[in-house]
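One structure is given below, encoded as structure tokens.
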Amino acid sequence: MLKKVNTQIYHNLEIEERDNGVFVVSLNRPSKRNALDVDTIEELVSFFSGAHQNGVRAVVLAGKGDHFCAGLDLVEHWKADRSPDEFMHVCLRWHEAFNKMEYGGVPIIAALNGAVVGGGLELASAAHIRVIDHTTYFALPEGQRGIFTGGGATIRVSDMIGKSRMIDMIMMGRVYQGQEAVDLGLAQYITEGSSFEKALELADKAAQNLPLTNYAICSAISHLNNMSGMDAAYAEAVIAGVVNTQPAARARLESFANKTAKRVRPNS
Ligand code: 1HE
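One point on numbering: in the working numbering, the residue at position 72 of the sequence shown is 80, and numbering is uninterrupted.
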């Protein structure tokens, strides 16, 4: 049975429920450029751990204010003067949050504006779809700050743009934006209007897919990519056995068979 999202327990995130199971999850520390402190990461873990069971069908992930996210809360980190062990455990909670996002089975559409830098890019890269507008820019300033990535950039950013481009970004502080960022694979969509409006439109569209189909898209593809080819082929067949025979798909298949379903046509 579906539970419900308790929006009251979140403070560093603002959670807004819209129609058809679409939720807007916004980083809500604009005065700190939505820098990721320990509490924000815990709220991300909490929301995304239960999202599918709580009836969340698609998420728009956004940042309040002019910047999506400035990455690790550098002031908190500096003040805490952490030991290696302490910071390793901070990073493990980041991985917990971002893995819950990537593998959680709920479509996450990131609406990116302004700075998407450092850990902000790591967060964005755990989303399934990234939308940018003319304000958005990507960077990995860790090299210049005397630190390194710890929230999965070595995995997800290098997966998106390739290892050598990621090395260049973090070593040189290189910034990417606009169509070039899309061409490199940092985002799938660029819009002339606001990234938020476009992300909402895409989330509404994703939410119209069957939940089990979205679960496979937003979980299985990532898992399968971690496997050997032989294992992935086997696991894909098992997943398709479950998803492609779901009773909820019968009506959609029938409407194709009786020629009432929309056909796939080229873009006009
Ligand atoms: C912050 C942070 C932050 C802003 N941690 N407090 N990330 C970075 O190296 C990015 C650092 N931030 C920036 O380069 C700029 O702040 C921005 C380009 C994002 C925005 O510039 P701007 O001019 O709009 O804002 P600002 O004046 O720099 O900052 C406004 C406030 O936000 C200010 O706080 P205030 O109390 O003095 O008003 C800043 O201190 C605060 N702020 N960014 C803490 N990041 C798991 S490892 C991950 C590794 C990383 O992510 S390294 C971080 C990389």
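Note that CB positions come from ideal geometry on N, CA and C, so glycine has one too.
Nothing here was measured: the structure is a model prediction, and the numbers come from that model.
- If you look at E22, you'll find it in the beta strand (DSSP E) that goes L21 to E25.
- Taking C-beta atoms as the reference points, R153 and G126 count as a pair closer than 9 Å.
- Going by beta carbons, G122 and T144 fall inside the 9 Å limit.
- G158 has its Cβ nearer than 8 Å to a heavy atom of the ligand 1HE.
- In this structure, Y223 lies near H60, with their beta-carbon atoms less than 9 Å apart.
- Pairing E104 with Q187, the inter-Cα distance amounts to about 31 Å.
- Within the segment 190-266, there are no complete beta strand (DSSP E) runs of at least 3 residues.
- Residue environment analysis places M238 among the exposed positions, since fewer than 16 neighbouring C-beta atoms fall within 10 angstroms of its C-beta.
- Leaving aside the five residues that flank V68 on each side, the residues in its chain whose CB is nearer than 6 Å to its CB run, in chain order, V32, I117, A119, A207, L208 and A211.
- For a cut-off of 8 Å, the C-beta gap from T221 to V251 is around 6 Å, short enough to register as a contact.
- Ranked by how close their Cα comes to the Cα of P38, the residues L261, H19 and N14 have H19 in first place.
- Restricting attention to S203, F106, L261 and P219, the CA atom closest to the CA of E51 is found in F106.
- The C-alpha of Q185 lies about 26 Å from the C-alpha of V83.
- According to the DSSP secondary-structure assignment, Q61 is paired through a beta bridge with no residue.
- Burial of V13 is indicated by the presence of at least 16 other C-beta atoms within 10 angstroms of its C-beta.
- Taking a C-beta distance under 9 Å as the contact criterion, L232 and G159 do not qualify as a contact pair.
- Spanning the alpha carbons of S263 and G73 requires a straight line of approximately 44 Å.
- For the segment 78-140, the full-length beta strand (DSSP E) segments reaching 3 residues or more read 116-120, 123-125 and 137-140 along the chain.
- Per DSSP, reduced to three states, the secondary structure at G71 is strand.
- In terms of Cβ geometry, E130 and A88 do not form a close pair [threshold 9 Å].
- In this structure C77 is in contact with N42, their Cβ atoms being roughly 4 Å apart against a cut-off of 8 Å.
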